[in-house]
Amino acid sequence: MRLGGPIPAPEQQTPAAWIEAHRARGYRAAYCPLPIGAPDALIADYRTAAADADLVIAEVGAWSSPVSLDPQTRAEALDKCKGALRLAEAIGARCSVNVVGSVGSKWDGPDPRDLLPETVDRIIDTLREIIDAVNPVQTKWAIEMMPWMLPDSPDSYLELIARVDREAMAVHLDPVNIINSPTRFYDTGAVIRECFTKLGPQIVS
Numbered sequence: 010m011r012l013g014g015p016i017p018a019p020e021q022q023t024p025a026a027w028i029e030a031h032r033a034r035g036y037r038a039a040y041c042p043l044p045i046g047a048p049d050a051l052i053a054d055y056r057t058a059a060a061d062a063d064l065v066i067a068e069v070g071a072w073s074s075p076v077s078l079d080p081q082t083r084a085e086a087l088d089k090c091k092g093a094l095r096l097a098e099a100i101g102a103r104c105s106v107n108v109v110g111s112v113g114s115k116w117d118g119p120d121p122r123d124l125l126p127e128t129v130d131r132i133i134d135t136l137r138e139i140i141d142a143v144n145p146v147q148t149k150w151a152i153e154m155m156p157w158m159l160p161d162s163p164d165s166y167l168e169l170i171a172r173v174d175r176e177a178m179a180v181h182l183d184p185v186n187i188i189n190s191p192t193r194f195y196d197t198g199a200v201i202r203e204c205f206t207k208l209g210p211q212i213v214s
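With the first letter of the sequence shown counted as 1, position 118 gets the number 127 in my numbering; the numbers rise by one all the way through.
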C-alpha cells in the first residue's frame, strides 16, 4: 500500500519541488497538485515528473453536489466534476473523487430526501452523465462512502456500481466515513475486511 498526505502549497510550485516534498516525507502517493483548468503543458510536466519518480497521483477532488435541486448549484457542480475527471485523465491520476451530493442545503450534509427512490435515480443519472461526458480511458470516477448518504456500506456501493453500469465507475475507499454505529465502532476490523472482500478488485484509491 502506498501512503501519501497533504503537501503545503509552497512546496508544490514546480514539479521538482513537488516530487522532493513527497520523497522527503516518504510518500509514494499524492493528491493532484494542480487545479481544474491548469495549462496542458503544466499538466504534462507534473505527469512526467510523477512517472519518473514512481509517485502515484491517487485522486483529483471534485467536492460538490451535482444532484443539487438548485439549477445553478447543480450546473456548477457538474462542470466541476467533469473538469476534475478530465484533469485526472490528463495527469494520470487513479481517479477523480466526490461524494454523491445532497438535495439538501449543504452539499455533503444529511437530508432524509437523499434516500428517496427519486433521489437515488437522480444520483444514478448524474453519475452516468459525468462519466459519459468525459469517457475516460485511463482513470476512474469514484465516490466516497459517507455516514449519512449513499453509498453507506460495501453492499450499497456494489449496488450503485451495478446501476451506473459504466466501466469507468470505481471505488475510492475511506472506511472511516462509515464507522457510524456502535456495531461498526466496536469491530472496525470487520468493517475493513468486508470492504476489501467485497470491493477489493474495484478499489483505485
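No residue lacks a Cβ here, since even glycine has one placed at the ideal position from N, Cα and C.
All of these numbers come straight from a predicted model, not from anything done at the bench.
- Within the segment 66-106, the complete alpha helix (DSSP H) segments at least 4 residues long are 80-100, listed from N- to C-terminus.
- Scanning its chain for C-beta atoms nearer than 6 Å, with the 5 sequence neighbours on each side dropped, one finds around residue 74 the residues 86, 110, 111 and 116, in chain order.
- For the pair residue 90 and residue 148, the CB atoms are not nearer than the 7 Å cut-off.
- Per the coordinates, the alpha-carbon of residue 132 lies some 6 Å from the alpha-carbon of residue 76.
- The criterion of a C-beta distance shorter than 7 Å is satisfied by residue 66 and residue 39.
- Counting along the chain, the unbroken beta strand (DSSP E) around residue 149 starts and ends at 149-153.
- For residue 180, there is no enclosing alpha helix (DSSP H); the residue is part of the beta strand (DSSP E) that begins and ends at 178-181.
- Taking the CA atoms as reference points, residue 145 sits about 15 Å from residue 71.
- When C-beta atoms of the segment 53-61 are compared with those of the segment 119-129, fewer than three pairs fall below 8 Å, so the two segments do not count as touching.
- Buried is the label assigned to residue 214, since at least 16 other Cβ atoms lie within 10 Å of its Cβ.
- Pairing residue 212 with residue 114, the inter-Cα distance amounts to about 30 Å.
- Nearest to residue 68 by C-alpha distance, out of 190, 195 and 183, is 183.
- Rounded to whole angstroms, the Cβ separation of residue 52 and residue 30 is 18 Å, and the two are not in contact under 8 Å.
- Inclusion of residue 187 and residue 158 in the CB contact set at 7 Å is not warranted, their separation being larger than that value.
- Residue 99 sits buried, since 16 or more C-beta atoms from the chains shown fall within 10 Å of its C-beta.
- Under the 10 Å beta carbon count, residue 201 is surrounded by fewer than 16 other beta carbons and is classified as exposed.
- Distance between residue 49 and residue 84, taken at the CA atoms: about 24 Å.
- Contact between residue 171 and residue 151 is ruled out by a C-beta separation of about 15 Å, above the 8 Å threshold.
- Shown here, residue 195 sits in coil according to DSSP, grouped into three states, outside any helix or strand.
- Counting only residues of its own chain and dropping the five nearest sequence neighbours on each side, residue 166 has a CB closer than 7 Å to the CB of 154, 160, 180 and 208.
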